[in-house]
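Asker:
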Amino acid sequence: MPSPAPEKIPQHVAIIMDGNGRWAQTRGLPRLEGHRRGVETVRTIVDAARELGIRYLTLYAFSVENWKRPADEVSGLMGLLDYFLKRELDNLIKHKVRLLTIGRTDALPANVQRELKRVIDATKDFTEWHLVLALNYGARTELADAAKHYTSAVLAGTEKLAECSWENISRYLYTSAIPDPDLLIRTSGEQRVSNFLLLQCAYAELVFTPVLWPDFQKADLQLAITEYAQRERRYGLTSEQIKTGPR
Ligand code: FPP
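Using our numbering, the letters of the sequence shown map in sequence onto residues 70 to 316.
1. Where does the unbroken beta strand (DSSP E) through H104 begin, and where does it stop?
2. Let me know if G258 comes out buried or exposed under the rule of 16 or more other beta-carbons within 10 Å of its beta-carbon.
3. Quick check: the Cα distance between E211 and Y243, rounded to an integer number of angstroms?
4. Would you kindly work out how many angstroms separate the C-alpha atoms of V108 and G88, rounded to a whole number?
5. Which stretch, first to last residue, makes up the alpha helix (DSSP H) that contains W235?
6. Nearest by alpha-carbon distance to A93: which of F277, I84, E157 and R105 is it?
7. Just checking G107 against the ligand FPP - is the residue's beta carbon closer than 6 Å to any of the ligand's heavy atoms?
8. Since L281 contacts R91 with CB under 8 Å, what's their CB separation in whole angstroms?
9. Who are the Cβ neighbours of T348 in its own chain at under 7 Å, not counting the five residues just before and after it?
10. Label P250 either buried or exposed according to how many other C-beta atoms from any shown protein chain fall within 10 Å of its C-beta, with 16 as the threshold for buried.
11. Under 7 Å between the Cβ atoms of Y219 and I238?
12. Cα-Cα, which of G122, L169, A191 and G103 is closest to E76?
13. Answer with buried or exposed for P248, where buried requires no fewer than 16 other C-beta atoms within 10 angstroms of its C-beta.
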């Protein structure tokens, strides 16, 4: 499949990896088997994103709401995360991919936190490629955390209420060091954003694919990018202004 021109490649792609459960259920397998296959797709897509020139890849791996799933599914997902981090470290180092996280990671099991720290530390000097895992993430929780830290800064006098702006407040989001997503993909045919990067996706292009996450391949990512490349991003301007520049 021909790739879009380099300037049409999104800098940051965020993905809601959905459909693991249905993939397993249609095969008469336990849900966790779907998540296991989902982890294989994660590796495929991390490599594919880099090969396509995507500098930031953010994956919604565990939401604040996911704790309410059956206990064995939650512990299975935590086990897979631990396994993934142990297995992927060499691959990330080999390809100079920096691991970052967003979310309340301090509530994850101790072994997962330990592995995360190990991989984050080992990859912290890489600057070109970034894998961002959203873990115990929720956009509303992120906003509450940012508001708390911003308010503390105002009370301490390091922020001035009169200078309150998006630029200043966004420095308190988990994503302060990460550019906004250009493209948000959700797999499995569901068409909603499920409390994921709600503020950061203000101007993102959305692509929904019916492909279930365990079946999602490099060609599906390329297809989504081709669709993205055909869109006109207007940021509130008119089509005319985008072509000739604002006047
Ligand atoms: C949604 O599918 C998927 C999740 C809630 C978890 C995603 C996790 C992985 C892909 C594996 C672990 C991730 C990493 C980075 C190691 P679903 O279970 O809601 O599917 P369904 O809608 O078909 O039930």
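Backbone N, C-alpha and C define an ideal beta-carbon position, used for all residues, glycine too.
Remember, predicted model here, so these are calculated numbers, not experimental data.
Answerer: With the structure as the only source:
1. No beta strand (DSSP E) contains H104, which is instead part of the alpha helix (DSSP H) from R100 to L121.
2. The residue is exposed, with fewer than 16 neighbouring Cβ atoms inside 10 Å.
3. A straight-line Cα-Cα distance of about 7 Å links E211 and Y243.
4. Their Cα atoms are separated by approximately 12 Å.
5. W235 -> alpha helix (DSSP H) spans W235 to I238.
6. Checking every option, the nearest Cα to that of A93 belongs to R105.
7. Yes, Cβ of G107 sits closer than 6 Å to a heavy atom of the ligand FPP.
8. For L281 against R91, the beta-carbon gap comes to about 6 Å, under 8 Å, which counts as contact.
9. Residue numbering for the chain in the displayed model covers 70 to 316; residue 348 lies beyond these limits and cannot be assessed.
10. The residue is buried, with at least 16 neighbouring Cβ atoms inside 10 Å.
11. Between Y219 and I238, the C-beta spacing is below 7 Å.
12. Comparing Cα-Cα distances from E76 to each of G122, L169, A191 and G103, the minimum goes to G122.
13. It is exposed - the Cβ of P248 has fewer than 16 other Cβ atoms within 10 Å.
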